[in-house]
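Quick note: the sequence shown uses the working numbering, first residue 14, plus one each step. Virtual Cβ for every residue (Gly too), placed ideally from N, Cα, C.
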Amino acid sequence: MLARQRLGYRYPLREHAMHIEAADQKHLPAYRPFFLACHEEGLDYYRRAGSDPDAWLGQLLQHAEGRALPEGWVPCRTWFLINGRTEIIGAIRQRLADSALIVERIGHIAFEVLPAWRGHGYGRVLLQYVQTLGEKPAHGNWVLVCPADRPAAVRTVEACGGQLLETMENGGRAFRRYSLTALAAWDDMAEGLI
Numbered sequence: 014m015l016a017r018q019r020l021g022y023r024y025p026l027r028e029h030a031m032h033i034e035a036a037d038q039k040h041l042p043a044y045r046p047f048f049l050a051c052h053e054e055g056l057d058y059y060r061r062a063g064s065d066p067d068a069w070l071g072q073l074l075q076h077a078e079g080r081a082l083p084e085g086w087v088p089c090r091t092w093f094l095i096n097g098r099t100e101i102i103g104a105i106r107q108r109l110a111d112s113a114l115i116v117e118r119i120g121h122i123a124f125e126v127l128p129a130w131r132g133h134g135y136g137r138v139l140l141q142y143v144q145t146l147g148e149k150p151a152h153g154n155w156v157l158v159c160p161a162d163r164p165a166a167v168r169t170v171e172a173c174g175g176q177l178l179e180t181m182e183n184g185g186r187a188f189r190r191y192s193l194t195a196l197a198a199w200d201d202m203a204e205g206l207i
């Protein structure tokens, strides 16, 4: 069933024929401009990755398999939101284990949508995709952290059911820490109806 596919899922997303796919080496041509745009915007995750999108995509793929993890990191899956022109316009990552750093500071889930594509609900689509099809949290709920000064991200998390745990400071910047539950996948719901 579509609800259980881990590699890709087609959403009827407006006129742009959007779809979500698990990160793969085949995405490298589309990943380069996406990575560079995120890097230029100053998003921490991409700044820490250096300036080589080819190498970083390779690392993402290894991290999804639990290989080549830096100390303290856990396996992490990445999915891309791809438009009809095969451009990556958004990404979401799910960390697949708990650690003090994840639960208290960075969260299990992180996402971004390129500025030109913001304001159309694509962040919510990515987040609901992971809530429905991602690996369920080991201890009840996921933790998600977003900058308090990014109102669109705050609205997205809250629209997906995020419950505010606290506002915290990190490096002189305010962040909002949320608890987020998984959503039932369609085939899980159907089993209860039959």
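- Judged by DSSP in its simplified three-state form, residue 146 adopts helix.
- The beta-carbon distance between residue 88 and residue 97, rounded to whole angstroms, is 31 Å. This is too long to meet the 8 Å contact definition.
- Shown here for residue 170: same chain residues with a beta carbon closer than 8 Å to its own, the five before and five after excluded, namely 140, 157, 159, 189, 191, 193 in chain order.
- In the DSSP assignment, residue 75 falls within the unbroken alpha helix (DSSP H) covering 66–77.
- Distances from the CA of residue 116 to each of 154, 101, 138, 82 were compared; the closest alpha carbon is that of 154.
- Along the length of the stretch 123–192, whole alpha helix (DSSP H) runs at least 4 residues long occupy 135–146, 164–172, reported in chain order.
- Contact between residue 109 and residue 91 fails: their C-beta atoms lie close to 11 Å from each other, not under 8 Å.
- In the DSSP assignment, residue 49 falls within the unbroken alpha helix (DSSP H) covering 41–54.
- In this structure, residue 143 places its C-beta atom within 8 Å of the C-beta atom of residue 107.
- Beta bridge pairing from DSSP links residue 81 with no other residue.
- Counted as a single uninterrupted DSSP element, the alpha helix (DSSP H) harbouring residue 60 occupies residues 57–61.
- Linking residue 35 to residue 129 through their CA atoms gives a straight-line distance of about 22 Å.
- Residue 119 is not bridged by DSSP to any residue.
- At a Cβ-Cβ threshold of 8 Å, residue 44 and residue 51 do not count as neighbours.
- With distances taken between CA atoms, residue 40 lies nearest to 102 out of 64, 126, 102.
- When the alpha-carbon of residue 180 is set against those of 125, 123, 119, 53, the nearest one is in 119.
- Residue burial annotation: residue 125 is buried, with at least 16 other C-beta atoms found within 10 angstroms of its C-beta.
- Counting of Cβ neighbours within 10 angstroms places residue 185 among the exposed residues, the total staying below 16.
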